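A short worksheet on the structure shown next.
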Amino acid sequence: MSGNSRSVLSSQTGVHQSLEAVVSRHLNSQWQQPLADHNVEAFAAMKNWRRQRGESMPVWLDSGCGTGYSSCQLARSNPDVLVIGIDQSAHRLLRGHARFELPVNALLLRAECADIWRLMAADGWMLERNFLLYPNPWPKPGHLSRRWHGHPVLPTLLAISQCLELRSNWSIYVEEMAAALAMTGRRALLEQFHPDQPISDFEDKYQASGHALWRLTSCMI
Ligand SMILES: C[S@@+](CC[C@H](N)C(=O)[O-])C[C@H]1O[C@@H](n2cnc3c(N)ncnc32)[C@H](O)[C@@H]1O
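For the sequence shown, the working numbering assigns the number 45 to the initial residue and increments by one for each residue that follows.
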């Protein structure tokens with residue numbers, strides 16, 4: 045992947061005007077949507093794998109991992125950590141499996157993030173780090189609720205993430221996440237950055253196309 049991807053186009057010029065109302069609604073209600081069976085099964089497989097590897101090891105989640113290239117790199121450079129990559133696209137995961145060999149401390153699974161986060165919360169998981177690397181931006185103003193900070197799962201995402209790291213090539217996405225976090229009293233560091241070594245396929249592609257890259261990190265105190 046390299047080269048000529050287009051920057052995010054949006055009619056939004058700043059933080060969405062409904063962000064505060066949407067986040068406030070989600071922080072004050074419990075999301076009740078039923079869990080999909082295939083996500084329940086994926087979570088059972090994840091639990092089993094974690095039990096076999098050692099439940100005392102810290103867990104890092106690569107949420108929306110695409111091919112899993114980032115999960116693989118994170119696991120290789122952090123052998124004392126269990127890295128789990130999840131993505132809803134079987135096609136992307138298969139492309140990754142064909143391209144690189146996973147280290148023993150990494151697992152890739154097809155699953156949907158919001159269901160997995162809820163299952164983790166219900167089971168008492170606390171992720172040492174949760175990576176949201178280049179989530180789909182959903183740049184139309186009407187798509188706010190599809191961005192993770194505008195989604196009803198936000199309180200659960202925060203509850204299971206000791207440290208959250210979001211990267212995007214759309215500054216408004218990270219600004220909105222920072223604004224949502226501020227509403228919960230959680231502090232965030234937001235910065236533009238230039239990776240020496242791209243961590244994921246999309247980071248590689250966006251950097252090669254000359255996009256500005258943004259990173260938000262937020263850890264529980
Ligand atoms: C723009 S790609 C980024 C992939 C990878 N993180 C990277 O940086 O190369 C976004 C990925 O998120 C996945 N995705 C989107 N919504 C998801 C969801 N609700 N649950 C799991 N994966 C999701 C897509 O299938 C896609 O692979």
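Even for Gly, the Cβ is constructed at its ideal location relative to N, Cα and C. Bear in mind the structure is a predicted one, so any value in this text is a computation, not a measurement.
Can you pull the DSSP bridge partners for residue i?
i: residue 240; result: Looking at the DSSP assignment, residue 240 forms no beta bridge with any residue, so it has no partner.
i: residue 175; result: 106, 209
Tell me whether residue i is buried or exposed, calling it buried when 16 or more other Cβ atoms sit within 10 Å of its Cβ.
i: residue 57; result: exposed
i: residue 265; result: exposed
i: residue 179; result: buried
i: residue 75; result: exposed
i: residue 229; result: exposed
i: residue 48; result: exposed
i: residue 87; result: buried
i: residue 89; result: exposed
Check whether the Cβ of residue i sits closer than 7 Å to any heavy atom of ligand 1, and report yes or no.
i: residue 98; result: no
i: residue 124; result: no
i: residue 180; result: yes
i: residue 177; result: yes
i: residue 109; result: yes
i: residue 50; result: no
i: residue 87; result: no
i: residue 158; result: yes
i: residue 204; result: no
i: residue 132; result: yes
i: residue 139; result: no
i: residue 136; result: yes
Does the CB of residue i have a neighbour CB from chain C at under 8 Å?
i: residue 67; result: As a matter of chain content, chain C is missing from the structure shown, which is built from one protein chain.
Contained beta strand (DSSP E) runs [length at least 3] in the segment 109-175, N- to C-terminal order: 126-131, 150-154
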